[in-house]
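Q: For reference, the structure I am asking about is given below.
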């Protein structure tokens, strides 16, 4: 009985089809991996944004009308915007719980917090003591990267938006009713958030 094998043409066709399937499979695997990496990066970025706005809301909605004395014995207002210094936005907030009060030195439940830009990074920092003996903050934490600019506006008691606080042309302005954050991000563009202040 005569045995039949594959001809050279059939072998070449089979190898050609196998090469096409292998290339298609590799491209599909590459696209899946690239898509997964983009999704992971996007998820991390959204988590960074959510964390930033969570902390902004936590801080701003607990702003307290309590001035402080700086390390050089200057009285600073409860809330101030400093366009020249490192700390763009600085304020006193309440609600800083001290769960270890029984075992650690007592401290106030008020906290001095500042937000500022360091290159393209939004930094949150705070001082352990409300009236600090050192100008340097106790803790610094990066909140958001890729920030091209940050602008703030303050809603005064007359319902007018002010670009600085305390405003130079208003005597005894008290505390603003709200604060608008305008962040320019390199990937998402302009993002605005408005926060109401307590009281």
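Numbering (my numbering), first residue to last: 2 to 200. Virtual Cβ for every residue (Gly too), placed ideally from N, Cα, C.
Indicate whether the contact test is met: 3 or more Cβ pairs, each with one atom in the segment 31-42 and one in the segment 132-139, closer than 8 Å.
A: no
Q: Pull up the DSSP beta-bridge partners for residue 91, would you.
A: 81, 115
Q: Is it the case that the segment 64-75 contacts the segment 43-52, given that we only count it when at least three CB pairs across the two stretches are under 8 Å?
A: no
Q: Would you check if there are 3 or more beta carbon pairs closer than 8 Å linking the segment 148-168 to the segment 116-125?
A: yes
Q: Here's the rule: buried if 16 or more other CB atoms are within 10 angstroms of the residue's CB, otherwise exposed. What is residue 31?
A: exposed
Q: Give the DSSP-derived three-state secondary structure of residue 150 in the structure shown.
A: strand
Q: List the residues that DSSP assigns as beta-bridge partners of residue 179.
A: 156, 197
Q: From residue 198 to residue 161, what distance separates their C-alpha atoms?
A: Cα to Cα, residue 198 sits roughly 15 Å from residue 161.
Q: Might you give, ordered along the chain, the residues of its own chain that have their beta carbon closer than 7 Å to the beta carbon of residue 109, omitting 5 neighbours on each side?
A: 131
Q: Thinking C-alpha only, which one of 10, 13, 21, 46 is nearest residue 144?
A: 46
Q: Where does the unbroken alpha helix (DSSP H) through residue 50 begin, and where does it stop?
A: 9-61
Q: Name, in chain order, the residues that DSSP records as bridge partners for residue 190.
A: For residue 190, which the question treats as bridged, DSSP gives the partners 186.
Q: For residue 158, count the other beta carbons within 10 Å of its own beta carbon; 16 or more makes it buried, fewer makes it exposed. Which is it?
A: Exposed, by the Cβ-count rule.
Q: Near residue 175, what residues of its chain come up, given a Cβ to Cβ distance below 7 Å and the 5 sequence neighbours on each side ignored?
A: 158
Q: Along the beta strand (DSSP E) that carries residue 166, what are the first and last residues, could you check?
A: Here residue 166 belongs to no beta strand (DSSP E), and DSSP marks it neither H nor E.
Q: Between 27, 133, 34, which lies nearest to residue 73 when the distance is taken from Cα to Cα?
A: 133
Q: In whole angstroms, give me the CA-to-CA distance for residue 258 and residue 193.
A: This structure cannot settle anything about residue 258, because the visible part of the chain is limited to 2 through 200.
Q: Alpha carbon to alpha carbon, how far is residue 127 from residue 142? Give it in angstroms, no decimals.
A: 9 Å
Q: Output the distance between the C-alpha atoms of residue 172 and residue 57, rounded to the nearest integer angstrom.
A: 27 Å
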